[in-house]
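Below is one structure, written out as structure tokens, with a few remarks after it.
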Amino acid sequence: MGQEQIQEQRLAQQQKLAQSVTQQQLLQAQLTQLPVAQLLDRIHAEMDDNPALELSAEDPEYSDYAEPADHGDDAPNYEQEERQQALDDALESIGRDDEDLPVYQNGRSNQEEHEEPVYGSSPSFYDLLKDQMSTDELTEEEQYIMEYLIGSLDDDGLLRKPLDSISEELAIYHNMDTSEQQVEQVLHRLQSYDPAGIGARSLQECLLLQIQRREPSRLKELMTATVEQYFDLFTRKHWKQLRDLLELSELQAETLIRELRKLNPKPGTSLGDVMGRSVQQITPDFIVDTQDDGTVTFVLNTGELPELHVSQSFADTLKEYQQRKETMSRQMKEALLYTKKKVDAAESFIEALRMRQHTLTVTMRAIIQWQHRFFEDGEESSLRPMILKDIAKRTGLDLSTISRVSNSKYAQTRWGTFPLRYFFSDAYVTADGEEHSVRKIKATLRDIIDAEDKHAPLSDDALRELMAKKGFPIARRTVSKYREQLGIPIARLRIQ
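The numbering of the sequence shown is numbering that gives the first Met the number 0, which starts it at 0 and goes up by one.
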């Protein structure tokens, strides 16, 4: 009987320890994902909730936290104008040399990549979709696939990673044996989330998903037919031909065009930039400095992050209660449990912050080592092929941890402020086995197009020949794809 009781106690202790480790890992993951400005808000909230968590003596007082400015309801509504302009841009960027639809790397065209990024205090794109997922009836396996799909979306809300690649990644990195069909079934569930169009694999599918949400009507039928059957004419804006094919009056055609222009080619922005109009300049998480001799150093930007410690009064009270365990009243025992809970939570939070600092430091160090040449000269073409797996292997951290850091952090460098994901790039392997950075290939392609005679722009075939002479023997279809990813139209649309 005694032996069974001991075994039960040990089992209970092991389960409690396992639960504690899991909770601590979850807390570390949450803090690691937060940019420095949002981390400050989280620290303030934690201090408000836990009286055992205090500022260190050398830190300034943080008792009065500034409230965000209230801009009222009179702020201008930019969403409809932006949607129409974005749709026009997306349609104009579609080339006619092949059937590929426009692709925006990380949800934005190349021209947007170098703009100073901004963000608001609204919940993240990822969190808002996760909230919807929590209300969906999914199996444990479907939940895992759904999380992976959400994490694979570009910033504009589209999914451009092939489903077979996602299935392979789940098998290789997460030991999940899932078929492409299973992934597609979960994707269809994701496409039912808000906003309409989320999770689409192409611009055409994105627009159709939005049209499907409309109430049945003749207008809905016409919109569906336009995007489904006459997408080529739609992308070319051949409105007269569309009107004739659909047998519409001029007024009906104008109504159809007006409604089509309301569709959003970048549904992800409605969960991000459009929600957060009270935006502010991004606060970089890393300050990278490059000396004239090529030496690269960096520091974490702690900004106004305070130093924290466990309240001495709580620690002393806990110690006093523990020394009087045998003679404690019921009320004192309850006080002991409350004090211990708050002290444990404070220690866990401080440890999670320390681990966050360690994770960010080793990740940024590995990125700088890998992309050292870029940090020396600031040339985009100097970026080497680098994927999450490379940094995970070099740091010894989990792939998901590297993903959290790279998807939410920014680095201020001598050459500008960049999101960490900017430094990641796939490799293109030529027929002879030579490996090139996709980013370097794109930079070379852009330089060739910038230097062309604008009265006689180069076709994709001509671009392919010039790229081969530059040392990048890529196919014409690849030239077309990269040109579209750069937001550069086909030759006839570049004539000046």
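Yeah, the Cβ is synthetic: ideal placement off N, Cα and C, and Gly gets one too. Computed from a predicted model, the values in this text were never measured in an experiment.
Within the same chain, Q190, A195, G196, A199 come within 6 Å of L208 by CB-CB distance, once the 5 residues on both sides are set aside. In the structure shown, the three-state DSSP call for P266 is helix. V342 places its beta carbon less than 7 Å from that of A51. Straight through space, the alpha carbons of P418 and Q142 are spaced by roughly 28 Å. Sequence-distant partners of K453 (beyond 5 residues in either direction) whose C-beta falls short of 6 Å from its own C-beta, in its chain, are Q495.
Here the C-alpha atom of L169 lies approximately 44 Å from the C-alpha atom of S310.
Taking a C-beta distance under 7 Å as the contact criterion, V182 and I149 do not qualify as a contact pair. D446 has its alpha-carbon roughly 12 Å from the corresponding atom of R438.
G470 counts as exposed, since fewer than 16 other C-beta atoms from the protein chains shown sit within 10 angstroms of its C-beta. Straight across, the Cα-Cα distance linking Q370 with F422 is about 7 Å. The beta carbon of L244 lies closer than 8 Å to those of Y229, L232 in the same chain, with the five residues before and after it left out.
DSSP places H308 in the strand class (E or B) of the three-state scheme. As DSSP reads the structure, G415 sits in a beta bridge with T412. Going by DSSP, I256 is part of the alpha helix (DSSP H) stretching over 249 to 260.
Taking all protein chains shown into account, Q290 has fewer than 16 neighbouring C-beta atoms within 10 Å of its C-beta and is therefore exposed. Around the C-beta of S424, 16 or more other C-beta atoms lie within 10 Å, and the residue is accordingly described as buried.
Looking from the CA of L33, the closest CA among Y409, A474, S201, L307 belongs to Y409. With fewer than 16 other Cβ atoms from the protein chains shown falling within 10 Å of its own Cβ, D292 counts as exposed. In this chain, the beta strand (DSSP E) harbouring D288 covers 285 to 289. Taking C-beta separations shorter than 8 Å and ignoring five residues to either side along the sequence, the partners of Q131 in its chain run Y192, D193, following chain order. Distance from the CA of D176 to the CA of D389, rounded to the nearest whole angstrom, comes to 23 Å.
Looking at E227, L241, P264, S133, the one whose alpha-carbon comes closest to that of L158 is P264. Taking C-beta atoms as the reference points, T338 and F313 count as a pair closer than 7 Å. Per DSSP, F373 is one residue of the alpha helix (DSSP H) stretching across 371 to 376. In the three-state reduction of the DSSP assignment, E53 falls in the strand class.
Straight-line spacing of the CA atoms in L317 and A391 works out to 41 Å. Using a Cβ distance threshold of 7 Å, L307 and I349 count as a contacting pair. Pairing T138 with V287 gives a Cβ-Cβ distance that is not under 7 Å. For the 7 Å CB-CB criterion, K160 and S166 do not form a contact. L398 carries a helical assignment under DSSP once its states are collapsed to helix, strand and coil. For the pair K340 and E346, the Cα-to-Cα distance works out to about 10 Å.
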